[in-house]
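Q: Numbering (our numbering), first residue to last: 11 to 241.
#1: Roughly how many angstroms separate the alpha carbons of residue 209 and residue 202, rounded to a whole number?
#2: With a cut-off of 8 Å, do at least 3 Cβ pairs link the stretch 44 to 52 to the stretch 231 to 238?
#3: Is the stretch 36 to 43 close to the stretch 118 to 126, with three or more CB pairs under 8 Å?
#4: Can residue 109 and residue 132 be called in contact, C-beta distance under 8 Å?
#5: Run the CB neighbour count on residue 105, radius 10 Å, all protein chains shown included, and call it buried at 16 or more, exposed below.
#6: Out of 113, 27, 42 and 30, which has the shortest C-alpha to C-alpha gap to residue 232?
#7: For residue 181, which three-state DSSP category applies?
#8: Enumerate in chain order the residues of its own chain whose CB-to-CB distance from residue 162 is below 6 Å, with the five nearest sequence positions on each side excluded.
#9: Drop a sphere of 10 angstroms on the beta-carbon of residue 191, count the other beta-carbons inside from all chains shown, and report buried for 16 or more, exposed for fewer.
#10: Is it right to say residue 65 is buried, meaning 16 or more other beta carbons lie within 10 angstroms of its own, or is it exposed?
#11: Taking contact to mean 3 or more Cβ pairs, one atom from each stretch, closer than 8 Å, check whether the stretch 51 to 62 and the stretch 176 to 192 are in contact.
#12: Give the straight-line distance between the Cα atoms of residue 193 and residue 69, rounded to the nearest whole angstrom.
#13: Where in the stretch 93 to 127 do unbroken runs of the beta strand (DSSP E), each at least 3 residues long, occur, reported from the N-terminal end onward?
#14: At what residues does the alpha helix (DSSP H) containing residue 224 begin and finish?
#15: Work out the CA separation of residue 146 and residue 139 for me, nearest whole Å.
#16: In angstroms with no decimal places, state the Cα-to-Cα distance between residue 111 and residue 143.
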């Protein structure tokens, strides 16, 4: 029977961007919509604010993810280029460096020397090994900025649309309470899904997400009520 186990790919950026995207979409737009509702704004004004929050937030999140992942990818590529040049021009120094790493980790000195020598025979294997052992990265997983940006855009838009939906159907207190309910259920669901990636207990993750969304919504509703409610 296979006793191995699989690890999730955490470096591509798509899954992370999707989770953060839908989470931010829910939190930011339910807060924005309730802030406008607390100010006794018209249904049209709330819809416009919610739509603006959806579009603006989706583009902002997408751009932020792209820039972040692009910078990370370029940094990793630069470090790999430095390591590649060192392997090409100073192979013996790099071999000794790799052997020293294995010895430091408790490997027998003779075995460490033999293993490092075998690794250095293949330049690509040597690069991958040095990257893993020295830099803690996988050369094949430098991140995909376009994937992260697209995933963030779509998932933020979905998250932001959820609390906006009631205002496209009805208005007033009914729409506001449906925004609260849908936002709460969605936040709880996103927290539960997040536990799948973190390995944490799902109820704790879901409750934490719900509390964060609730605090953001309550604060903006209060600000809208006290600042704009009298107008």
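C-beta: ideal position from N, C-alpha, C; glycine also. All values derive from a computational prediction rather than experimental measurement.
A: According to the structure data:
#1: 10 Å
#2: yes
#3: no
#4: no
#5: buried
#6: 42
#7: coil
#8: 27, 31, 71, 72 and 75
#9: exposed
#10: exposed
#11: yes
#12: 21 Å
#13: none
#14: 212 to 233
#15: 10 Å
#16: 8 Å
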